[in-house]
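*Asks:* First, the structure itself, so that you have it in front of you.
Residue numbers (this note's numbering): 0 to 259.
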């Protein structure tokens with residue numbers, strides 16, 4: 000099930016922050032990571048669990064590995080020019096490849112603007128960064144709890160985006176989401192689209208928490224999602240209550256919708 004859009008007919012704010020987050024992710028990937036080719040930059044600013052726990056910058060040697068009869072140079076961990084704890088933030092804006100960034104930014108584009116509309120620009124930015132940081136910490140903790148390799152770096156926006164999705168599920172459980180299901184386009188409530196995504200993370204994360212097997216840090220996804228669920232109402236404290244939507248017979252009948 001691949002989400003493609005949602006109902007934005009009641010959106011009040013232009014999602015400048017969400018657009019800016021998307022732009023920064025693209026800028027970092029294209030300019031600083033060189034479309035994923037600048038591995039030394041990537042290895043310097045990714046989150047390394049061993050560095051976060053020890054507070055020490057760890058530098059390792061490059062290694063030559065054989066794969067499919069070819070020799071490849073794998074860079075070691077690179078020096079981080081600032082405190083290693085800054086990587087908890089910088090890693091949130093880096094990606095491992097085109098498919099990685101495309102998938103993450105699609106989900107951010109679909110779900111992020113609704114949370115920004117609900118919280119406002121400033122609160123949304125703080126919410127996004129907070130859930131992303133908590134997701135990174137969840138990954139670091141699970142790495143040690145489950146005995147994973149603490150020297151494998153992690154990166155990506157999916158922890159913060161998982162927080163956005165957790166908030167979305169709590170705030171908009173019945174909002175219609177357009178999804179590609181097998182080969183068909185259909186609309187399902189957010190509780191189905193987002194809920195199934197979270198169940199998939201839990202199922203695939205069993206035995207893989209902390210980033211093993213398939214290279215996905217499922218603990219970051221799960222931790223970010225739970226953080227979003229737990230914190231979105233806190234970030235909304237003091238905001239005026241949103242007025243419920245007026246009855247719209249066209250929407251009740253299944254259209255028209257305004258999708259991104």
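Heads up, the beta-carbon is just placed ideally off N, CA and C, and yes, glycines get one too.
I need the straight-line Cα distance from residue 135 to residue 112, nearest angstrom please.
*Replies:* So the alpha carbons of these two residues sit roughly 22 Å apart.
*Asks:* Within the chosen definition, does the segment 128-143 reach the segment 86-97 through at least 3 CB pairs nearer than 8 Å?
*Replies:* Contact holds: three or more Cβ-Cβ distances are below 8 Å.
*Asks:* Using only the alpha-carbon positions, how far apart do residue 83 and residue 8 sit?
*Replies:* Rounded to the nearest angstrom, the two C-alpha atoms are 43 Å apart.
*Asks:* Can you have a look at residue 189 and say buried or exposed, based on whether 16 or more other CB atoms are within 10 angstroms of its CB?
*Replies:* Under this definition residue 189 is a buried residue.
*Asks:* Applying the criterion that 16 or more other CB atoms from any shown protein chain within 10 Å of the CB defines a buried residue, is residue 253 buried or exposed?
*Replies:* Bear in mind that the predicted position of residue 253 carries a pLDDT of just 45, short of 50, making it too unreliable to give a figure here.
*Asks:* Since residue 141 is in the alpha helix (DSSP H), which residue starts that stretch and which ends it?
*Replies:* First-last of the alpha helix (DSSP H) with residue 141: 120-144.
*Asks:* On the CB-based measure, 16 or more other CB atoms within 10 Å of its CB, does residue 81 come out buried or exposed?
*Replies:* The residue is exposed, with fewer than 16 neighbouring Cβ atoms inside 10 Å.
*Asks:* So, is residue 115 buried or exposed, given that buried needs 16 or more other C-beta atoms within 10 angstroms?
*Replies:* Per the 10 Å Cβ criterion, buried.
*Asks:* Have a look at residue 170 and residue 94 and give me their C-alpha separation to the nearest angstrom.
*Replies:* Answer to the nearest angstrom: the Cα atoms are 28 Å apart.
*Asks:* Taking 8 Å as the threshold, find out whether the segment 167-181 comes into contact with the segment 218-232 through three or more Cβ pairs.
*Replies:* Segments in contact, yes.
*Asks:* Distance, Cα to Cα, residue 74 vs residue 3?
*Replies:* Spanning the two alpha carbons is a distance of roughly 36 Å.
*Asks:* Excluding sequence positions up to five away, which residues of its chain have a Cβ less than 6 Å from the Cβ of residue 197?
*Replies:* Once the five neighbours on either side are set aside, the close Cβ partners of residue 197 are 224.
*Asks:* Out of 13, 35, 184, which one is the CA nearest neighbour of residue 155?
*Replies:* Checking every option, the nearest Cα to that of residue 155 belongs to 35.
*Asks:* Just confirm the distance between the C-beta atoms of residue 76 and residue 150, as a whole number of angstroms; I'd bet it's less than 8 Å.
*Replies:* That pair is a contact at about 7 Å.
*Asks:* Counting only the same chain and skipping the five closest in sequence on each side, list residues whose C-beta sits under 8 Å from that of residue 79.
*Replies:* The residues are 43, 44, 50, 56, 85, 86.
*Asks:* Kindly indicate which three-state DSSP category residue 62 falls into: helix, strand or coil?
*Replies:* It is a strand residue.
*Asks:* What are the boundary residues of the beta strand (DSSP E) that includes residue 175?
*Replies:* That run of the beta strand (DSSP E) goes 175-180.
*Asks:* Using only the alpha-carbon positions, how far apart do residue 138 and residue 203 sit?
*Replies:* So the two alpha carbons sit approximately 15 Å from each other.
*Asks:* Taking the alpha helix (DSSP H) that residue 84 falls in, what are its first and last residues?
*Replies:* Unbroken run through residue 84: none, as it is neither H nor E.
*Asks:* Let me check one thing: in DSSP terms, what residues is residue 4 bridge-paired to?
*Replies:* In the DSSP output, where bridge partners are listed per residue, residue 4 has 177.
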